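Student: With the sequence shown counted from 1, adding 54 to any position gets you this note's numbering. Take this structure, written in structure tokens, and hold onto it; I'll ask about it next.
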Amino acid sequence: MAINKQIKVPQKAVIREILRWCSSFGKKQVYEELNRQLPLDVPKGHFVVYVGTHRSRYILPISVLTQPEFQALLRKTEEEFGFCHHSGLTIPCEQHVFESMIQF
Numbered sequence: 055m056a057i058n059k060q061i062k063v064p065q066k067a068v069i070r071e072i073l074r075w076c077s078s079f080g081k082k083q084v085y086e087e088l089n090r091q092l093p094l095d096v097p098k099g100h101f102v103v104y105v106g107t108h109r110s111r112y113i114l115p116i117s118v119l120t121q122p123e124f125q126a127l128l129r130k131t132e133e134e135f136g137f138c139h140h141s142g143l144t145i146p147c148e149q150h151v152f153e154s155m156i157q158f
């Protein structure tokens, strides 16, 4: 009987990894490998999150990673989902709350 134990990754490490991943888009070799996986509607310097139970899709600039409100949402996401899921970055809050925090 195996015990599924989630590994807690520090928030700074997560932000660093997202920034590293986003900044690598300009490198031709990495871009060619990722080209098959990247959605065409997400511009360079942006990333996708899914919000709420209906998983509404938002394309955000990486600059929101520095906002304390968004960092709190990332911590809440880590607590609820961990880092071992493959369904995209899903933010566990109501859509209208998310929009007011991000200030669209």
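Beta carbons: idealized from backbone N, C-alpha and C, even for Gly. Please read all numbers here as calculations on a predicted model, not as lab measurements.
(1) Taking isoleucine 72 as the reference, which of Met155, Thr120, Val151, Val105 has the closest Cα?
(2) Give the secondary structure of arginine 111 by DSSP, where H, G and I count as helix, E and B as strand, and everything else as coil.
(3) Just curious, the alpha helix (DSSP H) that valine 151 is in, first and last residue?
(4) Taking only the alpha-carbon atoms, compute the straight-line gap between histidine 150 and phenylalanine 124 and give it to the nearest angstrom.
(5) Counting C-beta neighbours from all protein chains within 10 Å, is the total for isoleucine 145 16 or more, i.e. buried, or is it exposed?
(6) Ignore the nearest five residues each way along the sequence and tell me which others in glutamate 133's own chain have a CB closer than 7 Å to its CB.
(7) Would you report the Cα separation of serine 154 and glutamate 148, rounded to the nearest angstrom?
(8) Which of the three DSSP states is assigned to valine 102 in this structure?
(9) Indicate whether isoleucine 113 and valine 105 have their beta-carbon atoms separated by less than 7 Å.
(10) Going by DSSP, which residues form a beta bridge with threonine 144?
Tutor: Quick look at the numbers:
(1) Position 18 of the sequence shown, counted from the first residue, corresponds to residue 72. When each option's Cα is compared against that of isoleucine 72, the closest is Thr120.
(2) For the purposes of this step, residue 111 is taken as residue 57 along the sequence shown, with counting starting at 1. Correct three-state label for arginine 111: strand.
(3) The residue given as residue 151 occupies position 97 in the sequence shown. 149 to 156 is the span of the alpha helix (DSSP H), which, as asked, contains valine 151.
(4) For this step, residue 150 is matched to residue 96 along the sequence shown. For this step, residue 124 is matched to residue 70 along the sequence shown. If you take the alpha carbons of histidine 150 and phenylalanine 124, they lie about 14 Å apart.
(5) Locating residue 145 in the sequence shown gives position 91, where the first residue counts as 1. By the beta-carbon neighbour count (other beta carbons within 10 angstroms, threshold 16), isoleucine 145 is buried.
(6) Working through the sequence shown from its first residue, we reach residue 133 at position 79. Excluding residues within five positions, none has a Cβ falling inside 7 Å.
(7) Here residue 154 refers to the residue found at position 100 of the sequence shown. Here residue 148 refers to the residue found at position 94 of the sequence shown. Rounded to the nearest angstrom, the two C-alpha atoms are 10 Å apart.
(8) Here the question's residue 102 lines up with position 48 in the sequence shown. Of the three classes helix, strand and coil, the one that applies to valine 102 here is strand, per DSSP.
(9) For the purposes of this step, residue 113 is taken as the residue at position 59 of the sequence shown. For the purposes of this step, residue 105 is taken as the residue at position 51 of the sequence shown. Against a cut-off of 7 Å, the Cβ pair of valine 105 and isoleucine 113 comes out as no contact.
(10) The residue labelled residue 144 in the question sits at position 90 within the sequence shown. Answer is Tyr104.
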